[in-house]
Structure formats: C-alpha cells, structure tokens
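First to last, the protein sequences are chains C and H.
In terms of the working numbering, the first sequence opens at residue 477 and continues consecutively.
In terms of the working numbering, the second sequence opens at residue 477 and continues consecutively.
All C-beta atoms, glycine included, are put in the ideal place defined by N, C-alpha and C.
Working notes, structure below.
Number of protein chains: 2
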Amino acid sequence: MAVTLRDVASRAGVSAMTVSRVVNGGGGVDPETQRKVEDAILALDYVPNRLARGLISHKSKTIGLIVPDVVNPFFAPVVRGAETTARKAGYRVLLCNSEADLRLEREYIEDLIAHRIEGLLIAPATDRSRVSLLALQKSGFPIVLLDRSLPDFDCDSVVSDSVAGARKLVEHLIKIGHRRIAHFTESDDVSTGRDRLEGYRQALEAARIPYSEELVFRTTVDRIGGYRAAQHLLALDPLPTAIFTVNNMTAVGAMQALRERGLAVPKDIGLVCYDDVEHLAVLSPFMTVVDQPAETFGSLGAQLLFERIADKAGERSRRIVLQADLIVRESCCARTGIPGRAAH
Amino acid sequence: MAVTLRDVASRAGVSAMTVSRVVNGGGGVDPETQRKVEDAILALDYVPNRLARGLISHKSKTIGLIVPDVVNPFFAPVVRGAETTARKAGYRVLLCNSEADLRLEREYIEDLIAHRIEGLLIAPATDRSRVSLLALQKSGFPIVLLDRSLPDFDCDSVVSDSVAGARKLVEHLIKIGHRRIAHFTESDDVSTGRDRLEGYRQALEAARIPYSEELVFRTTVDRIGGYRAAQHLLALDPLPTAIFTVNNMTAVGAMQALRERGLAVPKDIGLVCYDDVEHLAVLSPFMTVVDQPAETFGSLGAQLLFERIADKAGERSRRIVLQADLIVRESCCARTGIPGRAAH
DNA sequence: TTGTAAGCGTTATCAC
DNA sequence: GTGATAACGCTTACAA
Numbered sequence: 477m478a479v480t481l482r483d484v485a486s487r488a489g490v491s492a493m494t495v496s497r498v499v500n501g502g503g504g505v506d507p508e509t510q511r512k513v514e515d516a517i518l519a520l521d522y523v524p525n526r527l528a529r530g531l532i533s534h535k536s537k538t539i540g541l542i543v544p545d546v547v548n549p550f551f552a553p554v555v556r557g558a559e560t561t562a563r564k565a566g567y568r569v570l571l572c573n574s575e576a577d578l579r580l581e582r583e584y585i586e587d588l589i590a591h592r593i594e595g596l597l598i599a600p601a602t603d604r605s606r607v608s609l610l611a612l613q614k615s616g617f618p619i620v621l622l623d624r625s626l627p628d629f630d631c632d633s634v635v636s637d638s639v640a641g642a643r644k645l646v647e648h649l650i651k652i653g654h655r656r657i658a659h660f661t662e663s664d665d666v667s668t669g670r671d672r673l674e675g676y677r678q679a680l681e682a683a684r685i686p687y688s689e690e691l692v693f694r695t696t697v698d699r700i701g702g703y704r705a706a707q708h709l710l711a712l713d714p715l716p717t718a719i720f721t722v723n724n725m726t727a728v729g730a731m732q733a734l735r736e737r738g739l740a741v742p743k744d745i746g747l748v749c750y751d752d753v754e755h756l757a758v759l760s761p762f763m764t765v766v767d768q769p770a771e772t773f774g775s776l777g778a779q780l781l782f783e784r785i786a787d788k789a790g791e792r793s794r795r796i797v798l799q800a801d802l803i804v805r806e807s808c809c810a811r812t813g814i815p816g817r818a819a820h
Numbered sequence: 477m478a479v480t481l482r483d484v485a486s487r488a489g490v491s492a493m494t495v496s497r498v499v500n501g502g503g504g505v506d507p508e509t510q511r512k513v514e515d516a517i518l519a520l521d522y523v524p525n526r527l528a529r530g531l532i533s534h535k536s537k538t539i540g541l542i543v544p545d546v547v548n549p550f551f552a553p554v555v556r557g558a559e560t561t562a563r564k565a566g567y568r569v570l571l572c573n574s575e576a577d578l579r580l581e582r583e584y585i586e587d588l589i590a591h592r593i594e595g596l597l598i599a600p601a602t603d604r605s606r607v608s609l610l611a612l613q614k615s616g617f618p619i620v621l622l623d624r625s626l627p628d629f630d631c632d633s634v635v636s637d638s639v640a641g642a643r644k645l646v647e648h649l650i651k652i653g654h655r656r657i658a659h660f661t662e663s664d665d666v667s668t669g670r671d672r673l674e675g676y677r678q679a680l681e682a683a684r685i686p687y688s689e690e691l692v693f694r695t696t697v698d699r700i701g702g703y704r705a706a707q708h709l710l711a712l713d714p715l716p717t718a719i720f721t722v723n724n725m726t727a728v729g730a731m732q733a734l735r736e737r738g739l740a741v742p743k744d745i746g747l748v749c750y751d752d753v754e755h756l757a758v759l760s761p762f763m764t765v766v767d768q769p770a771e772t773f774g775s776l777g778a779q780l781l782f783e784r785i786a787d788k789a790g791e792r793s794r795r796i797v798l799q800a801d802l803i804v805r806e807s808c809c810a811r812t813g814i815p816g817r818a819a820h
C-alpha cells in the first residue's frame, strides 16, 4: 500500500504531473499516454493518498458527527441519514459518541479539528457544549446542530418543535379525561428537555390545570432513568392517571417499573412519550407518541452542512423545523374517576 | 484554523522544531522556552494538522468500520463498542454503511484506503466481499472480521457460534413438543445465515425429524422480509407449530404478519430467533432468543485490530468466538397436538 | 537545548 | 500535451 504517484509515473514513463492529471480526470492528456498511465495504476494497485491531497487542497473530504450515543434509537437513524448523504457528496464521516459527557465531547471536537474535518454535525451534550463550539463558530467553521439547539448560539440547525409536540401529547391526554399528569424530564440544560417541559406546562395551563412540581420528575433519559422515576412516582398518593416521558427509552423504563408494580398500561395508568419505539410499535401498538423523522435530521443536517462547506449558504443561519407527528394509539385510554391505589 | 507550527514558532520566537517538541511532549526543552511556546499555542488556538503528521509518519490515527447498517439493533452496539475502544486508543472511526451492497462496500473500502486508515473492521456484506478484501489482506493490511466470517479467507475475526446457538434454540423447541418447525433464513452467501440453518438441521437430525425444504424460507433479514416469509408460511397446511428466524428483525416482521392473521404468539404458534430485541424484551418478555453480546463484538474486534496495527499479534490469525446465550421466555409454549387452521 | 535541511505524496504554477 | 519546481504542515536526522 505504499505505491505513490511517482511509482506510477516511473512505471508509465511519464512525470508525476501527468499521472495526477489522469487520476483527476481533468483531461488535457493524450489518449495514448492516458492508457499507459491507467495500465500502470492498475498494475501497481495505486490508490491516491488523501492525506497528501488534503494537505495541499485543504480538503480532507471528511466531516465529523458527534452524537451522545449511536445506540439510542433516535440517534442511530440520524447517523445513518447523515452518513448516506455524506457518502453521496463524496465525504466520509468520523463518528463520535460523546456519551453526553462535556469533557469527552470537547476532546472529540479538538481531535476532529486536528483531523481537519471540513464541517461538524453535532447533537450537543448540553447547553454548555456551547463553549466548546464558540471559537469554531466565530471563525466561520461550518457547524450544524442536530436535534438540540444552544442558547445564544447562532448556527444552522435541524430540530423539531418540541414545545408543540409535547403540547399535542399532553392535550391529547387532557382531552380524554386525564388531569393529574406526571412528566419525566431531563436535566434542564438540554433544549429539547426544556421545550418538552414547556409544552407540558402550556397544555396544562390551557386547560386550567395547575402545574405541580410534585408531578415533574427529573431523570436521565434512558431506560434506567425512566424506571427509577416511575418508582418514585409510585409513592405519590393519589397516583397520577398518566405519564408523559421526555423520550422513548424513558417510557420503556417507566413501563417496566409500572408492570413490576402490577399496573397495566393503559388500563391502570396512561403513558405517552416523545419519539416512537420502532419495533415495539409494531408488536404492541399501545403507546401514543410524537414521532420524529429521525433519519431526516441526519440527511437534512448533512445537506445544510455541505451547503455551508461549499459556501453556498449565505450569511444568515438556517433553522429547519421538522414536523413531529402525534400518533394516537392505546396507551392513554379515556378515564374519568380517580385511580385506585393499585400498588404500594 | 489556518494556524501552523511556523506561526506558533515565530510568535514564540523559536524554531518550528522546538514547537514540535513541545507539542509532542518528548521533553528536552527548556522550561522557559516551553512556557513561551505554550503561551503562543494558546494565544493562536493552534491545533496540529493530523493530515501533515500522517503524511510523514504513515499514521492517520483513523480506522475504518463497515457495517451493513448502523440502525440494525445488532450493529448499533457493535459500532459503539468499536468506537469507544478506538477512542481509548487515540483513534477516530470512519463509519460506513454498506447497505449489504457489494459495490458500495467496495467503494467504501477503496476510499478508506485512500484516507490511509490504519486498519479495517468489517462485517462483510456477503461471502463475495472476499474479493474486495483479498489484495489488502495479502499485503498484510490489518483487517478484523466482525460477526461474519469469509470462506477461504484467513483473518482475525470475532464471531459467535451460530451453529450451536441455532441448535440450542431449535432443540429447545423440540424439547417442549414442537416437531413441525419452520426456519426463516437469509441468502446462503452469509456465513451466519448458513450456520444458523446448519444448526437448525442438526437439531432436527438429532431428534430424527426429517428436514423439509418446504419449511425453510429464504428472505431478507429485515422486518419486511420476516413479514413476507410469514405470509408465505401461512399458506402451508398443516401450519408449522413454531418458527425459528435467523435474526430479531425478521422475527418482529413475522410476528406482525402472524398477528394480522389472528395468530397469537406463543399461544397459536411458537416463535424464537437469533439476537434479542432489547426494549421489546423488557416490555413483552415472550420471545425465546439467543442473545449475543453485540457491543463486545465491536470492542474486542477493535482490540484485535489495534494489536495488529501495533504488530503485536503474531503471524497466525486469531478467531474469537463469543458466547451466545439461550434466553428462554414464553414464545414457544409447550404443545402436543397439531394446530388448528387458525387463518386462511 | 535548539536549529537546519530534507522530504512525506500530492497539486498549482508556469514553463516548454 | 507534458514536465520541472515549489509548496501544503509537519517530523526525522543531523548539526550546532
């Protein structure tokens, strides 16, 4: 794999420049010469060195993609969407899992810059990711925010309207008779969490239901977080009649805890969440959700990024708000009375 | 972002070499000089250029990772495992989704080589991926196969024993009374598919149950494939009493089709599969599966790869066989008679 | 302890 | 149409 342009050149009996011309297909090469060079390339298994190319052209043909976790059922499609779009544009993707850890995320960013990525797609860990991005952004480096926005940070982004989505979900619960509705939210330094909480408040307010701190549980947005929050919730008396969780994995964890206490969803308690749970939805279509087109976050994000890279994006930052659809299933059946103390 | 070593050098009033020494921390620099250089680095926001470094050192500090699809619930954790291990080793990962397409895969490989990755982790699309890898492997380029092995291709790999796993699954079905067992398999040019079919045959043979082509359905290993295969299966008379699918998504699709025909799992028909369905297992723990430690495929694979890259792996190729565990749940309740024609 | 010179594999520029 | 030369940003080898 150490074959260079020069090796090809000497085998073909031409200069390096001629080989370069053939490789880059610009034309201006005698057909006969071209053939000789192509033969040599094939014979030697020559593969151009992008490192060298990048060094001189300032184009690494790579972008960075930072997400909290590829395994997350929301981010996995985001990653695929971004990668597919990048491939079509001739770019490779350096994938990073920040684990929602600011320090790790910062290290990734620095290293990606060292690798001279031409742009960065990032679902920032928290609002404080801002400081890691500020210098980059000021220097005009192409950045696109995915899913989460950052306060006081003007930048291209692809998001959904979490306030509206959450409101739809909670309004639906209210419409079918729920009034004591709990919410599982995440630490308040993530925009989507804040917005979904805000949507929850708005829906309550519109229905003149008082907002109660007691019904809002702050937790990690994974299964274990949902599980624990539900355990705490189960100590309430009276129990809420429904729960709205900030995302799908939290809902799955909540469901698990409820089951263990003998509470059936939706018979004994309603459960709705942001984000669908793909396979689950097929097999047990009982959870009412707001579904986001996850893959589109990735593909549109990449598209915005490539426009920036090509300098075809203009001065102003663009913000794409994707539609999130309410999918009503069965997990929040209408209810009128106050639920029994099903478990203790 | 166009700050170079020289810029730092001139600002600090030293030579480029001195800056290089400071950056690489080799020592042998006067503390006072060191401080001046560090100040300059900070002041200028200098980030070393890995492209340039890689060009001279022949170390890009990147590896390639090719999987059919990151969204696949098996490969997503594989990717995370690999990326985490790579990060700890100071490497970045170029992620590629081959979409199980040989041509795409081949293009990826070539481009990754152009990017001078130091090694390749790959879950090959099919047996025919071999030709795309042969030249590389012969030249001693570090490659580790994940999940799938390739015939006549001697190479480090991390796999599970699919024959044994499948056999366990089918033996379990037989033990609880099933004798007419269908199998959904994939095209026979994927090692795991072949092996699982072989495990199915072995289990039947051990129980003196004749193997019947009629009960083996070849399909794509996604939800839609499972769905379609199940639809064909439902035309059989008598119906099989149980189905063993080659992976989890196929099982989910099958389940969907069965449901639509009014067949309940496991009441009316048994269903088992290779690979667990994470969230589903929590909420509807009815499917008996063979569970693979997916993330470990990635992390161990990366480990093998880095040993190769560091040339600490020796001549012979290593093959790690991970244990896949049978998890018995309820999806294959014991049965004795012949099932009714539940749907038509 | 620090600096100089050469070169990694390519491409831009300008001759021929 | 083709080739020499310099340069991209860094490190290795050697010199001071």
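Give me the Cβ distance between H:Pro553 and C:Val547, rounded to the nearest whole Å; I'm assuming they're in contact under 8 Å. As a first step, residue 553 of chain H must be located in the second sequence, where it is residue number 77. As a first step, residue 547 of chain C must be located in the first sequence, where it is residue number 71. That pair is a contact at about 5 Å.
With a threshold of 9 Å between beta-carbons, can H:Pro553 be considered close to chain C, or not? As a working mapping, residue 553 of chain H is identified with position 77 in the second sequence. With 9 Å as the cut-off, H:Pro553 counts as an interface residue toward chain C.
CB-CB length for C:Ile652 against C:Leu597, believed under 8 Å: Translated into the one-based positions of the first sequence, residue 652 of chain C becomes position 176. Translated into the one-based positions of the first sequence, residue 597 of chain C becomes position 121. Here C:Ile652 is actually not in contact with C:Leu597; their C-beta atoms are around 39 Å apart, not less than 8 Å.
Could you check which residue in C:Val635, C:Arg482, C:Phe617 has the C-alpha nearest to that of C:Ile796? Looking up residue 796 of chain C in the first sequence gives position 320. It is C:Val635.
Beta-carbon of C:Glu806 versus every beta-carbon of chain H: anything under 9 Å? As a first step, residue 806 of chain C must be located in the first sequence, where it is residue number 330. Taking Cβ atoms only, chain H never reaches closer than 9 Å to C:Glu806, which makes this a no.
Specify whether the segment 731-749 of chain C and the segment 627-641 of chain C touch according to this definition: at least 3 beta carbon pairs, one from each stretch, less than 8 Å apart. no
Whether or not the segment 707-725 of chain H and the segment 677-697 of chain H are in contact is what I'm after, with contact meaning three or more pairs of Cβ atoms, one per stretch, closer than 8 Å; do they touch? yes
For C:Val490, decide whether its Cβ has a neighbour in chain H, counting only Cβ atoms nearer than 9 Å. Taking the first residue of the first sequence as 1, we reach residue 490 of chain C at position 14. It does not: the Cβ of C:Val490 has no partner Cβ on chain H nearer than 9 Å.
Between which residues of its own chain and H:Leu520 is the CB-CB distance below 7 Å, once the five residues before and five after are set aside? The residue given as residue 520 of chain H occupies position 44 in the second sequence. Closer than 7 Å at the Cβ level, and outside the excluded window around H:Leu520, lie Val479, Asp483, Val484, Arg487.
Quick one: residues in its chain with C-beta nearer than 8 Å to the C-beta of H:Ser496, no 5 flanking neighbours on either side, listed in chain order? In the second sequence, counting from the first residue as 1, residue 496 of chain H sits at position 20. Here the set comprises Leu481.
In angstroms with no decimal places, state the Cα-to-Cα distance between H:Glu662 and H:Val804. Here residue 662 of chain H refers to the residue found at position 186 when the second sequence is read from its first residue. Here residue 804 of chain H refers to the residue found at position 328 when the second sequence is read from its first residue. Between H:Glu662 and H:Val804, the C-alpha separation is close to 24 Å.
For chain C, check one thing: does any of its Cβ atoms lie closer than 9 Å to the Cβ of H:Leu759? As a first step, residue 759 of chain H is located in the second sequence; it is residue number 283 there, counting from the start. Interface residue, yes.
Beta bridge counterpart(s) of H:Val748 as assigned by DSSP: In the second sequence, counting from the first residue as 1, residue 748 of chain H sits at position 272. Note: H:Val748 sits in a beta bridge opposite H:Phe720, H:Thr764.
Of the choices C:Ile619, C:Asp577, C:Leu588, C:Ser533, whose alpha-carbon is the least far from that of C:Gly777? Looking up residue 777 of chain C in the first sequence gives position 301. Measuring from the Cα of C:Gly777, the nearest candidate turns out to be C:Ile619.
Buried or exposed for C:Gly816, please, with buried defined as at least 16 other CB atoms from any protein chain shown within 10 angstroms of its CB. Here residue 816 of chain C corresponds to residue number 340 of the first sequence, with the count starting at 1. Any reading at C:Gly816 needs caution, since the residue's pLDDT is 33, under 50, leaving its predicted position unreliable; the model's value is listed next. So C:Gly816 counts as exposed.
Do the segment 549-567 of chain C and the segment 763-777 of chain C touch if we need at least three Cβ pairs shorter than 8 Å? yes
Contacts of H:Ser536 in chain C (Cβ-Cβ under 8 Å): The count along the second sequence starts at 1 and reaches residue 536 of chain H at position 60. Leu527, listed in chain order.
Buried or exposed: which applies to H:Ser605, given that a residue is buried once 16 or more other Cβ atoms fall within 10 Å of its Cβ? Translated into positions along the second sequence, residue 605 of chain H becomes position 129. Buried, because 16 or more other Cβ atoms sit within 10 Å of the Cβ of H:Ser605.
By how many angstroms is the C-alpha of H:Ile542 removed from the C-alpha of C:Leu571? By 1-based counting over the first sequence, the position of residue 571 of chain C is 95. By 1-based counting over the second sequence, the position of residue 542 of chain H is 66. C-alpha separation (whole angstroms): 12 Å.
At a Cβ threshold of 9 Å, is C:Asn500 touching chain H? Residue numbering aside, residue 500 of chain C sits at position 24 when the first sequence is read from its first letter. So, not an interface residue.
If you count every other CB in all the chains shown that lies within 10 Å of the CB of H:Val607, and 16 or more means buried, which is it? Position 131 of the second sequence holds residue 607 of chain H. Answer is exposed; the Cβ neighbour count stays below 16.
So, with DSSP's three-state summary, where would you put H:Ala683? Along the second sequence, one-based indexing puts residue 683 of chain H at 207. Looking at H:Ala683 - three-state DSSP - the assignment turns out to be coil, as it is neither helix nor strand.
Which chain C residues are close to H:Leu570, counting only those with a beta carbon under 9 Å from its beta carbon? For the purposes of this step, residue 570 of chain H is taken as the residue at position 94 of the second sequence. Those are Thr538, Arg568, Val569, Leu570, Leu571, listed as they occur along chain C.
Along the segment 700-734 of chain H, what residues have a CB closer than 7 Å to any CB found in chain C? Along the segment 700-734 of chain H, going in chain order, the ones with a CB nearer than 7 Å to a CB of chain C are Val728, Met731, Gln732.
Decide if the segment 641-661 of chain C is in contact with the segment 674-681 of chain C; the criterion is three or more beta carbon pairs, one per stretch, under 8 Å apart. yes
Note down, one range per segment and in chain order, each beta strand (DSSP E) of at least 3 residues found wholly within the segment 590-627 of chain C. Fully contained in the segment 590-627 of chain C are the following beta strand (DSSP E) runs of length 3 or more, in chain order: 596-598, 619-622.
How would you call H:Leu780, buried or exposed, if buried means at least 16 neighbouring beta carbons within 10 angstroms? What you label residue 780 of chain H is simply residue 304 of the second sequence in a count that begins at 1. Classification of H:Leu780: buried, given that the 10 Å Cβ count is 16 or more.
So what's C:Asn525 in DSSP terms, helix, strand or just coil? Here residue 525 of chain C corresponds to residue number 49 of the first sequence, with the count starting at 1. Coil.
Beta carbon proximity, C:Thr560 to chain H, threshold 9 Å: As a working mapping, residue 560 of chain C is identified with position 84 in the first sequence. Yes, C:Thr560 counts as interfacial toward chain H.
Between H:Tyr584 and chain C, is there a C-beta pair that is closer than 9 Å? Position 108 of the second sequence holds residue 584 of chain H. Interface residue, yes.
Which partner residues of C:Cys572 appear in the DSSP bridge assignment? Within the first sequence, numbered from 1, the residue matching residue 572 of chain C stands at position 96. Paired residue(s): C:Ile542.
Give me the subset of the segment 584-603 of chain H whose CB atoms are less than 7 Å from a CB atom of chain C, sorted by chain position. Glu586, Asp587, Ile589, Ala590, His591, Arg592
Compare the C-beta of C:Leu541 with all C-beta atoms of chain H and state if any pair is closer than 9 Å. On the first sequence, position 65 is the one that residue 541 of chain C refers to. So, interface residue.
Taking 9 Å as the CB-CB limit, is H:Val523 close to chain C? In the second sequence, residue 523 of chain H corresponds to position 47, counting from 1. Yes - at least one Cβ of chain C is within 9 Å of the one on H:Val523.
Give me, in chain order, the residues of the same chain whose beta-carbon lies closer than 7 Å to that of C:Ala516; leave out the 5 immediate sequence neighbours on both sides. In the first sequence, the residue the question calls residue 516 of chain C occupies position 40. Closer than 7 Å at the Cβ level, and outside the excluded window around C:Ala516, lie Val484, Arg487, Ala488.
Can you confirm whether C:Ala611, when its beta carbon is compared against all beta carbons of chain H, has any partner nearer than 9 Å? On the first sequence, position 135 is the one that residue 611 of chain C refers to. Chain H, which has a Cβ nearer than 9 Å to the Cβ of C:Ala611, makes this yes.
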